[in-house]
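A short worksheet on the structure shown next.
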Amino acid sequence: MRHVASLGSLVAVLWAGTSAAGEWRGYAAASAGFVIDHTSGIRAKGGALQAYLGVETPFGLSLGVVGEGAETWGARIQGQQLQLDYRSLGLELRLRFLRDGGVNPWVGVRVAQSRSTPLTLDDLGAPRRMLHDGLSTAVRIGLDTWLGSHLGITASTAWQWCDVRVDSSTAPTSDECAKPLHSILLGPTLRF
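Quick note: the sequence shown uses the working numbering, first residue 306, plus one each step.
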């Protein structure tokens with residue numbers, strides 16, 4: 306019981322200390338852009354959509370829910386165009402710098418549950434659709450430019466791992482992460 310009281314006191318002190326340092330803020334953003342596969346032989350590229358809703362401490366550290374989806378098309382092999390696509394939902398931790406200025410750079414890390422359904426070719430060259438669920442990660446760098454106190458434009462770029470998985474050709478029962486995908490997104494953001 307004593308540990309619970311100590312933990313409760315610590316939470317109360319931290320809450321009071323952060324609220325004295327500045328205001329808490331909320332953010333909502335919707336972005337659109339494109340995804341590029343620079344690192345594998347598939348050379349996939351296509352469109353992406355992302356939505357973010359988060360809360361930020363007075364020190365610029367925020368935690369939010371992020372959803373993202375992409376449809377990409379890759380190289381044409383034996384007349385069949387390969388496709389890599391995914392949907393993800395997860396948490397993103399962001400650290401915002403210069404948060405009281407008109408331009409706020411930020412960095413973020415995301416951990417999400419991704420579902421990918423890539424269309425690839427099997428060993429015989431026949432197209433097949435796969436279904437994979439798994440944990441994915443991303444490192445994101447962004448910049449928010451404020452047009453007023455509540456409305457702004459956000460631009461971000463990210464390197465994403467394991468949003469797309471493909472079957473291994475050496476072990477048919479296992480799946481492996483595809484090479485990292487690079488996304489570039491732009492869209493409106495709200496601060497409240």
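Think of the CB as a built atom: it goes at the ideal place given N, C-alpha and C, for glycine as much as any other residue. Being a predicted model, the structure only gives us computed values, none of them experimental.
ask   = Helix, strand or coil for residue 485 per DSSP?
value = Walking along the sequence shown from the start, residue 485 turns up at place 180. Looking at residue 485 - three-state DSSP - the assignment turns out to be coil, as it is neither helix nor strand.
key: Nearest-angstrom Cα separation, counted from residue 417 out to residue 389   = One-based indexing of the sequence shown puts residue 389 at position 84. One-based indexing of the sequence shown puts residue 417 at position 112. A direct Cα-Cα distance of roughly 17 Å separates residue 389 from residue 417.
request  = State the start and end residues of the unbroken beta strand (DSSP E) segment that holds residue 265.
outcome  = This structure cannot settle anything about residue 265, because the visible part of the chain is limited to 306 through 497.
key: residue 404 (DSSP reduced to helix, strand or coil)   = As a position in the sequence shown, residue 404 is number 99, starting the count at 1. Looking at residue 404 - three-state DSSP - the assignment turns out to be coil, as it is neither helix nor strand.
query = Helix, strand or coil: which one does DSSP assign to residue 423?
reply = By 1-based counting over the sequence shown, the position of residue 423 is 118. Three-state result, residue 423: coil.
ask   = Between residue 357 and the rest of its own chain, which residues show a CB-CB distance below 6 Å, the 5 nearest in sequence each way excluded?
value = Along the sequence shown, one-based indexing puts residue 357 at 52. Same-chain partners within the cutoff: 334, 369 and 371.
key: Bounding residues of the beta strand (DSSP E) (the contiguous stretch that carries residue 432)   = As a working note, residue 432 is residue 127 in the sequence shown. First-last of the beta strand (DSSP E) with residue 432: 432 to 434.
message = Tell me which residue opens and which closes the beta strand (DSSP E) that residue 330 is part of.
response = Locating residue 330 in the sequence shown gives position 25, counting from the first residue. 330 to 341 is the extent of the beta strand (DSSP E) around residue 330.
request  = Leaving aside the five residues before and after residue 403 along the sequence, list all residues of the same chain whose C-beta is less than 6 Å from its C-beta, in chain order.
outcome  = Reading the sequence shown from its first residue, position 98 is the one you call residue 403. 409.
query = In this structure, does DSSP put residue 468 in helix, strand or coil?
reply = The residue given as residue 468 occupies position 163 in the sequence shown. DSSP, reduced to helix, strand and coil, places residue 468 outside both helices and strands of the structure shown, so it counts as coil.
task = Report yes if the C-beta distance between residue 457 and residue 468 is below 8 Å; otherwise report no.
result = Along the sequence shown, one-based indexing puts residue 457 at 152. Along the sequence shown, one-based indexing puts residue 468 at 163. It is not a contact, given that the beta carbons lie outside the stated cut-off.
task = Please decide whether residue 404 counts as near chain B, where near means a Cβ-Cβ distance under 8 Å.
result = Included in the structure is just one protein chain, with no chain B present.
ask   = Taking Cβ positions, are residue 465 and residue 432 nearer each other than 8 Å?
value = Looking up residue 465 in the sequence shown gives position 160. Looking up residue 432 in the sequence shown gives position 127. The answer is no: Cβ separation not under 8 Å.
ask   = For the segment 344 to 394, which segments carrying the beta strand (DSSP E) assignment without a break, of at least 3 residues, lie completely within its bounds, in sequence order?
value = 350 to 361 and 366 to 382
key: Distance between residue 435 and residue 425 (C-alpha atoms, nearest Å)   = If you number the sequence shown from 1, residue 425 lands on position 120. If you number the sequence shown from 1, residue 435 lands on position 130. C-alpha separation (whole angstroms): 8 Å.
message = Bridge partners for residue 492 per DSSP, in chain order?
response = By one-based count along the sequence shown, residue 492 stands at place 187. Residue 492 pairs with 459.
key: Proximity of residue 374 and residue 354 at Cβ, strictly below 8 Å   = Residue 374 sits at position 69 when you count from the first residue of the sequence shown. Residue 354 sits at position 49 when you count from the first residue of the sequence shown. Yes, they are a contact pair.
ask   = Short check: CB of residue 377 to CB of residue 337, under 8 Å?
value = Taking the first residue of the sequence shown as position 1, residue 377 is located at position 72. Taking the first residue of the sequence shown as position 1, residue 337 is located at position 32. The Cβ-Cβ distance between residue 377 and residue 337 does not fall below 8 Å.
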